[in-house]
Structures are given as C-alpha cells and as structure tokens.
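Sequential numbering from 12 applies to the sequence shown in the numbering used here. Presented below is the structure to which this report refers.
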Amino acid sequence: MAYSTTSTSSYRRTFGGSVLGSPHLSRASYTSGRLGGGASNLSSSVHISKSTMLPSYSSYRVKAPSRGYEVVDFSLADALNQEFVQTRTNEKAEMQHLNDRFASYIEKVRFLEQQNKVLVAEVNRLKGQEPGRINDIYEQEMRELRRQIDALTNEKVRVEVERDNLADDLQKLKQR
C-alpha cells in the first residue's frame, strides 16, 4: 500500500488528516496491490477540486509484473522512518522549549498580578485615609508657626522700644 500527497505539511504527512478539510491538498492517490502473483492490480485515485473541495474517485487496472512476486525495497521506508523520528525529536524538543517559555511567562504574569493587587490595596488604603487628619496636622503646624511669629514680633517690638529708649538716653547724656 502506498499513500502519496502533494503540498502537505509534515504533520499531515506523519499523522494524516482529513482530505476534505485541507485547502492545500491538490491530489491524493491510494494504490492497493497484491504481493502474490496475479493478473492485475487495482489502483484508485482521489482528486479534490479546490473550488468545491469535494473528492471525485476514479479507478483503473494496472497490469501486474510478469513474475509471481514483487520485490519490496524498504530502504526508502527506513529513510522516511528515520526522517520521521528526527522530525518528531526536533518537534518534541521545540515543544518542551516553548512550554518552558510559556510556563515562565505565566509565572511572571502571576507575580505581576500579585504586585498589582498590593499596589491597588495601598492606593485604596491611602485614599481611605481621612483628609481631615492631614488637615488637622496642617492646621496644628500653622497654629504653631503663627504663635512663633507672634512671639518673634513681640520680641522685635520690645527690642525696638528698648533701642529707642537707649537712643533717647544717649541723646540726653550728650546734651549735658
């Protein structure tokens, strides 16, 4: 038995797939033959139209070789099998790498979501604080500063009065 396709992906070559669902599949043929002697083999083909995506089947007879048996060459199958194994190994390694990258991305997203929740909670806590408390602290500071200004102003006035008195006393002493 042989199955051949044109324009198919490595996945479809390896695992097969729906003939009708593939827009890239232009022709597929399936050949069935007997290994023993016989007058003829039956070969059938499936043709798929890209416009309708419906298969049309045709079959015809092929004259069998004159010998009583066919020689089967497995070297091509072995080469394809080795290529398949290598492709699967590469795909598996790539999938593991991509899975690791995806897992680290998910961990980072979860970490950032947790940080975001902490920041949102802190913002809500700060918004929830009473603005009156800050206002009270501000008012208390302002009262203290005004008291200091008043004390310094009074001290300044007292020093100016004392200075004026000393200036008057000096003037009186000079006149004597």
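Virtual Cβ for every residue (Gly too), placed ideally from N, Cα, C.
Check residue i in the structure and name its three-state DSSP category.
| i | result |
| --- | --- |
| PHE85 | coil |
| ARG136 | helix |
| ARG187 | coil |
| TYR80 | coil |
| PHE95 | helix |
| ASN176 | helix |
Report yes or no: is there a C-beta of chain B within less than 7 Å of the C-beta of residue i?
| i | result |
| --- | --- |
| GLU81 | Looking at the structure shown, chain B is missing, and only one protein chain is on hand. |
- Item | Complete alpha helix (DSSP H) runs within the segment 108-137 (minimum length 4 residues, chain order) | Listed in chain order, nothing qualifies, since the segment 108-137 has no complete alpha helix (DSSP H) run of 4 or more residues.
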